[in-house]
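Below you'll find the structure, written out as structure tokens, and then a few comments.
In UniProt numbering, the protein residues as written are 1 to 280.
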């Protein structure tokens, strides 16, 4: 094993021994780690490397699996509350064992069935995965270096008066202003976004629409696909309400008209006040 073992994360480990209930993996200075039979990749044998998720079982033994949680150590996610008791709040992280959110890491009261936006970390005393709602503590404090037009990965983390707060690349805060939102964004949604502006002081403005010609072409392709799927007619045209266009394509009326104009110039569609037709 070359890299140090990362508990709560992906690891590439070598199979060292086969037993009746699984195989053992080389955990370096952490010793052998069991990968139970149901999770052994087809055809894997002694000497082969396998990619696994490693965590502690109920008896504090290291255990490997090829199943992955909704959020690993160092990641953020909106997780469903399974139970609240005297110990803390327990969250469904996609594995059989629920994730503890200690009372000291909560920012509001929670009930079973609700969702909590959390960071997943590792308790330094027990090596167990734990959750925290204190998101700012785990984000990068250095100014973001994103540039206008750059594509990023985003997680919708909170709703504010200005718009939707986004965690960018598990590292920084960003914001999609309300006037840039043309489709419903839910807390916990993961999506591709583009940087509109970064002032270098922690304010990163984002948009769900690809900027410039690439975004217009992307929308034009979606309109063509929708026309082909609906016998060549869409009930949207030059005079359609912006809300109807937003609901259908998650785009502004202005961007819709630009995309339609592009398709018209290519001779692919005709446009009427309340409909668009595919030229056959």
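For every residue, glycine included, the Cβ atom is placed at its ideal position computed from N, Cα and C. Please read all numbers here as calculations on a predicted model, not as lab measurements.
Let me know if residue i comes out buried or exposed under the rule of 16 or more other beta-carbons within 10 Å of its beta-carbon.
{"i": "residue 146", "result": "buried"}
{"i": "residue 197", "result": "exposed"}
{"i": "residue 125", "result": "exposed"}
{"i": "residue 46", "result": "exposed"}
{"i": "residue 225", "result": "exposed"}
{"i": "residue 21", "result": "exposed"}
{"i": "residue 120", "result": "buried"}
{"i": "residue 237", "result": "buried"}
{"i": "residue 78", "result": "buried"}
{"i": "residue 273", "result": "exposed"}
{"i": "residue 105", "result": "buried"}
{"i": "residue 154", "result": "buried"}
{"i": "residue 172", "result": "buried"}
{"i": "residue 259", "result": "buried"}
{"i": "residue 219", "result": "buried"}
{"i": "residue 142", "result": "exposed"}
{"i": "residue 230", "result": "exposed"}
{"i": "residue 111", "result": "exposed"}
{"i": "residue 96", "result": "exposed"}
{"i": "residue 93", "result": "buried"}
{"i": "residue 148", "result": "exposed"}
{"i": "residue 251", "result": "buried"}
{"i": "residue 27", "result": "buried"}
Does DSSP put residue i in a helix, in a strand, or in coil?
{"i": "residue 109", "result": "coil"}
{"i": "residue 182", "result": "coil"}
{"i": "residue 175", "result": "strand"}
{"i": "residue 29", "result": "helix"}
{"i": "residue 281", "result": "Nothing can be reported for residue 281, as the shown portion of the chain is limited to 1 through 280."}
{"i": "residue 5", "result": "coil"}
{"i": "residue 219", "result": "helix"}
{"i": "residue 36", "result": "strand"}
Go to residue i, then tell me how far its beta strand (DSSP E) extends in each direction, as first and last residue.
{"i": "residue 23", "result": "22 to 26"}
{"i": "residue 19", "result": "10 to 19"}
{"i": "residue 197", "result": "190 to 198"}
{"i": "residue 206", "result": "204 to 207"}
My guess is that residue i and residue j are in contact by the Cβ rule of under 8 angstroms, so how many angstroms apart are they, rounded?
{"i": "residue 117", "j": "residue 76", "result": "7 angstroms"}
{"i": "residue 113", "j": "residue 102", "result": "About 20 angstroms separates the two Cβ atoms, so there is no contact after all."}
{"i": "residue 182", "j": "residue 240", "result": "Rounded, the Cβ-Cβ distance is 14 angstroms, inconsistent with contact."}
{"i": "residue 156", "j": "residue 168", "result": "That belief does not hold up - the Cβ atoms of residue 156 and residue 168 are roughly 11 angstroms apart, past 8 angstroms."}
{"i": "residue 69", "j": "residue 53", "result": "7 angstroms"}
{"i": "residue 30", "j": "residue 62", "result": "6 angstroms"}
{"i": "residue 14", "j": "residue 25", "result": "7 angstroms"}
{"i": "residue 115", "j": "residue 163", "result": "Actually they are not in contact, since the Cβ atoms of residue 115 and residue 163 sit about 20 angstroms apart, beyond 8 angstroms."}
{"i": "residue 279", "j": "residue 267", "result": "6 angstroms"}
{"i": "residue 204", "j": "residue 185", "result": "In fact, because the Cβ distance is near 16 angstroms, the residues do not count as touching under 8 angstroms."}
{"i": "residue 139", "j": "residue 166", "result": "Actually they do not touch by this definition, with Cβ atoms about 11 angstroms apart."}
Quick one: does the C-beta of residue i sit closer than 7 angstroms to a heavy atom of the ligand GDP?
{"i": "residue 273", "result": "Ligands displayed in this structure: none; no statement on the ligand GDP is therefore possible."}
Legend entry - Every unbroken beta strand (DSSP E) inside the segment 50 to 124 [3 residues or more]: List check, beta strand (DSSP E) in window: 62 to 65, 76 to 84, 88 to 92, 99 to 102, 115 to 122.
Inset, instruction - Go through the segment 240 to 277 residue by residue and report every complete run of the alpha helix (DSSP H) that reaches 4 residues or more, in order. - result: As far as the segment 240 to 277 is concerned, its whole alpha helix (DSSP H) runs of at least 4 residues are 242 to 249, 253 to 265.
Legend entry - Whole runs of the beta strand (DSSP E) within the segment 125 to 173, excluding any shorter than 3 residues: Runs found: 129 to 132, 151 to 159, 163 to 168.
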